[in-house]
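> First residue of the sequence shown: 1, per my numbering; consecutive thereafter. For each residue, glycine too, the CB sits at the ideal point set by N, CA and C.
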Amino acid sequence: MVTKEQIRKWKLPSGPIKKTDTRSKGFKGRAVEIEAIKPEKLRDLCDDCITRHIDNHAFEQLQLAEEAERKTLATMVENLEAA
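1) Do you know offhand how far W10's Cα is from I37's?
2) Would you mind reading off the limits of the alpha helix (DSSP H) that contains L42?
3) Checking the sheet assignment: what are the DSSP bridge partners for A31?
4) By the three-class DSSP mapping on this structure, what secondary structure does A83 have?
5) For V32, is the classification buried or exposed, using 16 other Cβ atoms within 10 angstroms of its Cβ as the cut-off for buried?
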(Lines of atoms letter the chains of each structure in order from A and count residues from 1; the text may use other names and numbers.)
(Lines give C-alpha, C1' and ligand atoms only; values in the text may rest on other atoms or scores of the structure.)
Protein backbone atom coordinates (compact mmCIF):
# COMPACT_ATOMS: atom_id res chain seq x y z
CA MET A 1 0.00 0.00 0.00
CA VAL A 2 1.24 3.46 -0.85
CA THR A 3 1.19 5.70 2.23
CA LYS A 4 0.24 9.37 2.46
CA GLU A 5 3.81 10.14 3.52
CA GLN A 6 5.21 8.41 0.42
CA ILE A 7 2.78 10.28 -1.83
CA ARG A 8 3.86 13.59 -0.32
CA LYS A 9 7.59 12.80 -0.06
CA TRP A 10 7.96 11.38 -3.58
CA LYS A 11 5.36 13.67 -5.18
CA LEU A 12 3.44 10.73 -6.63
CA PRO A 13 0.60 11.49 -9.04
CA SER A 14 -2.89 10.67 -7.83
CA GLY A 15 -6.31 10.47 -9.37
CA PRO A 16 -9.93 10.04 -8.40
CA ILE A 17 -11.07 6.66 -7.12
CA LYS A 18 -13.09 4.66 -9.63
CA LYS A 19 -16.57 4.19 -8.26
CA THR A 20 -16.82 0.86 -10.10
CA ASP A 21 -13.79 -0.58 -8.28
CA THR A 22 -15.12 -2.90 -5.58
CA ARG A 23 -11.86 -2.51 -3.60
CA SER A 24 -12.56 1.19 -3.08
CA LYS A 25 -15.53 0.66 -0.78
CA GLY A 26 -15.09 2.90 2.27
CA PHE A 27 -11.87 4.40 0.90
CA LYS A 28 -11.46 8.15 1.25
CA GLY A 29 -9.00 10.31 -0.64
CA ARG A 30 -7.38 9.91 -4.02
CA ALA A 31 -5.86 6.83 -5.63
CA VAL A 32 -2.18 6.33 -6.40
CA GLU A 33 -1.01 3.48 -8.62
CA ILE A 34 1.91 1.45 -7.27
CA GLU A 35 3.50 1.81 -10.72
CA ALA A 36 4.00 5.50 -9.92
CA ILE A 37 6.88 4.49 -7.62
CA LYS A 38 10.23 4.18 -9.40
CA PRO A 39 11.35 0.54 -9.71
CA GLU A 40 14.52 1.14 -7.66
CA LYS A 41 12.50 2.69 -4.84
CA LEU A 42 9.95 -0.14 -4.94
CA ARG A 43 12.77 -2.70 -4.84
CA ASP A 44 14.25 -0.94 -1.78
CA LEU A 45 10.85 -0.92 -0.05
CA CYS A 46 10.44 -4.66 -0.67
CA ASP A 47 14.00 -5.40 0.44
CA ASP A 48 13.54 -3.40 3.66
CA CYS A 49 10.26 -5.16 4.42
CA ILE A 50 11.76 -8.62 3.89
CA THR A 51 15.04 -8.04 5.73
CA ARG A 52 13.16 -6.70 8.76
CA HIS A 53 11.86 -10.24 9.31
CA ILE A 54 15.09 -12.18 8.76
CA ASP A 55 17.18 -13.66 11.56
CA ASN A 56 20.59 -12.28 10.55
CA HIS A 57 22.57 -14.98 12.36
CA ALA A 58 20.59 -17.78 10.70
CA PHE A 59 20.95 -16.04 7.32
CA GLU A 60 24.73 -15.76 7.72
CA GLN A 61 24.92 -19.44 8.64
CA LEU A 62 22.88 -20.32 5.56
CA GLN A 63 25.20 -18.27 3.36
CA LEU A 64 28.26 -20.04 4.80
CA ALA A 65 26.66 -23.44 4.18
CA GLU A 66 25.77 -22.49 0.59
CA GLU A 67 29.31 -21.31 -0.08
CA ALA A 68 30.71 -24.60 1.27
CA GLU A 69 28.29 -26.53 -0.96
CA ARG A 70 29.33 -24.48 -4.01
CA LYS A 71 33.00 -25.26 -3.32
CA THR A 72 32.23 -28.95 -2.89
CA LEU A 73 30.29 -29.05 -6.17
CA ALA A 74 33.05 -27.16 -8.00
CA THR A 75 35.61 -29.68 -6.72
CA MET A 76 33.39 -32.56 -7.84
CA VAL A 77 33.09 -31.07 -11.32
CA GLU A 78 36.86 -30.57 -11.54
CA ASN A 79 37.43 -34.19 -10.49
CA LEU A 80 34.93 -35.43 -13.11
CA GLU A 81 36.56 -33.35 -15.82
CA ALA A 82 40.01 -34.63 -14.85
CA ALA A 83 38.87 -38.27 -14.96
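Put simply:
1) C-alpha separation (whole angstroms): 8 Å.
2) Residues 39 to 51.
3) A31 pairs with G15.
4) In this structure, A83 counts as coil in the three-state DSSP scheme.
5) Buried.
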